[in-house]
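A.B. asks: Dropping a structure here in structure tokens format, bear with me for questions.
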Amino acid sequence: MGQNPGVRTRPLGLISTPKNPVNSTENKPRRFILRLGSAEHSNVDDYEPHQQLGCTSDGFIKSTPILLRSDCSDGVAKPKFHSTKGHDRRIHALIHEVDDIPPTAWLLTFTGALSQLARYGITVAWQNYLQNPRDGVMPGALELGQAKATTIRDAYLFFQYLTPSVFAVVLDAWIGRYKTIMLSLALLVVGYLMSMLTALSATLEYGAGVGGLAAAMVFIGLGQGGISAIQYPFIRDQIPEIETRVKKNKRGELVAMNQKLTIQYVFNGYYWMVNVASLFSIPTALMEKHIDFWAVYLLPICIPIVSTAPVIICKKRLVKLPPQGNVLPHASQVIWIAIRSRFRLTAANPEYRAAPHKHDVL
1 MGQNPGVRTR PLGLISTPKN PVNSTENKPR RFILRLGSAE HSNVDDYEPH
51 QQLGCTSDGF IKSTPILLRS DCSDGVAKPK FHSTKGHDRR IHALIHEVDD
101 IPPTAWLLTF TGALSQLARY GITVAWQNYL QNPRDGVMPG ALELGQAKAT
151 TIRDAYLFFQ YLTPSVFAVV LDAWIGRYKT IMLSLALLVV GYLMSMLTAL
201 SATLEYGAGV GGLAAAMVFI GLGQGGISAI QYPFIRDQIP EIETRVKKNK
251 RGELVAMNQK LTIQYVFNGY YWMVNVASLF SIPTALMEKH IDFWAVYLLP
301 ICIPIVSTAP VIICKKRLVK LPPQGNVLPH ASQVIWIAIR SRFRLTAANP
351 EYRAAPHKHD VL
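Residue numbers (full-length UniProt numbering): 1 to 362.
Given below as structure tokens:
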């Protein structure tokens, strides 16, 4: 089979046995082998019609057709194809690119980045709000001093990083990720609203500033912990499980659409959004100086509401897996069994636990 002039490397082709092989009948099945060349290919349209077997109209190749046996009952070869796995060495020879990303994945990354934006904006203002007096040179309200203000802020951060492993994990196992996200956003709105109301001048005069801020920190910590624990797997759920496939890109080249690169690309975009959101601490510092703290706490109230509306509108398009439990309770039980068995993890093996003198299997 001759090679087309425009093809730089070996094209995608079918190598068959001769039309009339020796010692064979006309209806005897023939073997067809499809081989991929190097990583660079020219246009798929340059190939012969019989070389495009297994291709779709949009340029996709149905996975990767390989070794096949044809049905020659009518004298015409009819190859039958089956798929290979994504790690096939012939697919590895191609250039790997990012596959199509569902809009719901970007929607959830945008929602998560906005929640981080609100968190950066409100936590930066807490130090001055707790430390300095209301009518001092520096902006402030509660006049607790630097030591107490730093202790309270550090206690909140510890609580926030603790809640994902307790609060959100339990909710994920019971009500699912979508409802956990919505509940977490609702808790954030309640916490930010309490912060704003207790930062008003009239409320501070009645001495409700410290108690209101403490209650707001609890709600904000629970809400932020829920989002931090569920956001990443929920974004991953939106990317479909598809094996590595071959497609003709806009430049007319054959490339492998890699799911791992797609997932990496989505989360890189999410972390870039979070980095941009961290810059929100700059305008909040100016607002607490030139306006007041209630204005600083007002913006975080609007941000979760704005980010929640698209999630509710696109509810039917989101991939919502049913609650499937969580691995942390089982992992904790395994560790506890190992501790009771003189730090031997083998004591938690199902075979060991199924022995007559031991407990039932986990």
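Positions of the beta carbon are idealized from the N, C-alpha and C atoms, including for glycine.
In whole angstroms, what separates the C-alpha of G225 from that of L142?
C.D. replies: For the purposes of this step, residue 225 is taken as the residue at position 225 of the sequence shown. For the purposes of this step, residue 142 is taken as the residue at position 142 of the sequence shown. Near 26 Å, if we compare the C-alpha coordinates of L142 and G225.
A.B. asks: How would you label I152, buried or exposed, when you count the other beta carbons within 10 angstroms and need 16 or more for buried?
C.D. replies: Taking the sequence shown and counting its residues from 1, one reaches residue 152 at position 152. Flag for I152 reads buried.
A.B. asks: In its own chain, which residues sit with a C-beta less than 7 Å from the C-beta of G221, not counting the 5 before and 5 after it?
C.D. replies: As a position in the sequence shown, residue 221 is number 221, starting the count at 1. Closer than 7 Å at Cβ, skipping near neighbours: Y156, F159, Q160 and T163.
A.B. asks: Rounded to the nearest angstrom, what separates L213 and M194 at their Cα positions?
C.D. replies: Numbered from its first residue, the sequence shown carries residue 213 at position 213. Numbered from its first residue, the sequence shown carries residue 194 at position 194. Whole-angstrom Cα-Cα distance: 7 Å.
A.B. asks: Apart from the five residues just before and just after V22, which ones in its own chain have a Cβ nearer than 7 Å to its Cβ?
C.D. replies: Within the sequence shown, the letter at position 22 stands for residue 22. Because V22 sits at a pLDDT of 45, beneath the cut-off of 50, its placement in the model cannot be relied upon, and the point is left open.
A.B. asks: Just the Cα atoms here: how many angstroms apart are L204 and T123?
C.D. replies: The sequence position of residue 204 within the sequence shown is 204, counting from 1. The sequence position of residue 123 within the sequence shown is 123, counting from 1. Cα to Cα, L204 sits roughly 19 Å from T123.
A.B. asks: For the beta strand (DSSP E) holding M196, just list the boundary residues, first then last.
C.D. replies: Here residue 196 refers to the residue found at position 196 of the sequence shown. Careful: M196 lies outside any beta strand (DSSP E), inside the alpha helix (DSSP H) at R177 to T198.
A.B. asks: In whole angstroms, what separates the C-alpha of I239 from that of A216?
C.D. replies: In the sequence shown, the residue the question calls residue 239 occupies position 239. In the sequence shown, the residue the question calls residue 216 occupies position 216. Their Cα atoms are separated by approximately 35 Å.
A.B. asks: Does the pairing of the stretch 110 to 123 with the stretch 181 to 193 give three or more beta-carbon distances under 8 Å?
C.D. replies: Short answer: they touch.
A.B. asks: Check I95 in the structure and name its three-state DSSP category.
C.D. replies: The residue labelled residue 95 in the question sits at position 95 within the sequence shown. The answer is strand: DSSP assigns I95 an E or B state.
A.B. asks: What residue from H96, L94, N132 and N249 has the CA that sits closest to R289's CA?
C.D. replies: Locating residue 289 in the sequence shown gives position 289, where the first residue counts as 1. Checking the sequence, you will find Lys at residue 289 rather than Arg. Looking at the Cα atoms, N132 is the closest of the given residues.
A.B. asks: What does L254 pair with, by DSSP beta-bridge criteria?
C.D. replies: One-based indexing of the sequence shown puts residue 254 at position 254. Looking at the DSSP assignment, L254 forms a beta bridge with K248.
A.B. asks: From the DSSP output, read off the bridge partner residues of P133.
C.D. replies: Mapped onto the sequence shown, residue 133 falls at position 133. Paired residue(s): A141 and L142.
A.B. asks: Would you kindly work out how many angstroms separate the C-alpha atoms of V44 and A125, rounded to a whole number?
C.D. replies: Numbered from 1 along the sequence shown, position 44 holds the residue referred to as residue 44. Numbered from 1 along the sequence shown, position 125 holds the residue referred to as residue 125. In this prediction, V44 scores a pLDDT of 40, lower than 50, which makes its location untrustworthy; no coordinate-derived value is stated.
A.B. asks: Can you grab the Cα-Cα spacing for the pair A348 / A113, in whole Å?
C.D. replies: Position 348 of the sequence shown, counted from the start, is the residue given in the question as residue 348. Position 113 of the sequence shown, counted from the start, is the residue given in the question as residue 113. Looking at the two C-alpha atoms, the distance is approximately 40 Å.
A.B. asks: Is the beta carbon of T111 closer than 7 Å to that of V311?
C.D. replies: Taking the sequence shown and counting its residues from 1, the one referred to as residue 311 is at position 311. Taking the sequence shown and counting its residues from 1, the one referred to as residue 111 is at position 111. It is a contact, given that the beta carbons lie within the stated cut-off.
A.B. asks: Just to confirm, is the Cβ distance from K320 to Y178 under 7 Å?
C.D. replies: Stepping through the sequence shown from its first residue, residue 320 is reached at position 320. Stepping through the sequence shown from its first residue, residue 178 is reached at position 178. Their beta carbons are under 7 Å apart, which means K320 touches Y178 by this criterion.
A.B. asks: By Cβ distance below 7 Å, which residues in the same chain neighbour F234 in space, the five residues on each side in sequence not counted?
C.D. replies: For the purposes of this step, residue 234 is identified with residue 234 of the sequence shown, where counting begins at 1. Around F234: L108, R177 and I181.
A.B. asks: So what does DSSP say about A285, is it helix, strand or coil?
C.D. replies: For the purposes of this step, residue 285 is identified with residue 285 of the sequence shown, where counting begins at 1. Correct three-state label for A285: helix.
A.B. asks: Rounded to whole angstroms, how far is the Cβ of residue 370 from the Cβ of C314, which I believe are closer than 8 Å?
C.D. replies: Residue coverage of the chain in this structure runs from 1 to 362, which leaves residue 370 outside it and unanswerable.
A.B. asks: From this set, N249, I337 and I291, which residue's C-alpha is nearest M138's C-alpha?
C.D. replies: One-based indexing of the sequence shown puts residue 138 at position 138. Measuring from the Cα of M138, the nearest candidate turns out to be I291.
A.B. asks: So, helix, strand or coil for Y161, using DSSP?
C.D. replies: Stepping through the sequence shown from its first residue, residue 161 is reached at position 161. Y161: helix per DSSP, three-state reduction.
A.B. asks: Can you tell me the Cβ-Cβ gap for K148 and L171, rounded? I've got them flagged as a contact below 8 Å.
C.D. replies: For the purposes of this step, residue 148 is taken as the residue at position 148 of the sequence shown. For the purposes of this step, residue 171 is taken as the residue at position 171 of the sequence shown. Between L171 and K148 the Cβ distance is about 32 Å, and since that is not below 8 Å, they are no contact.
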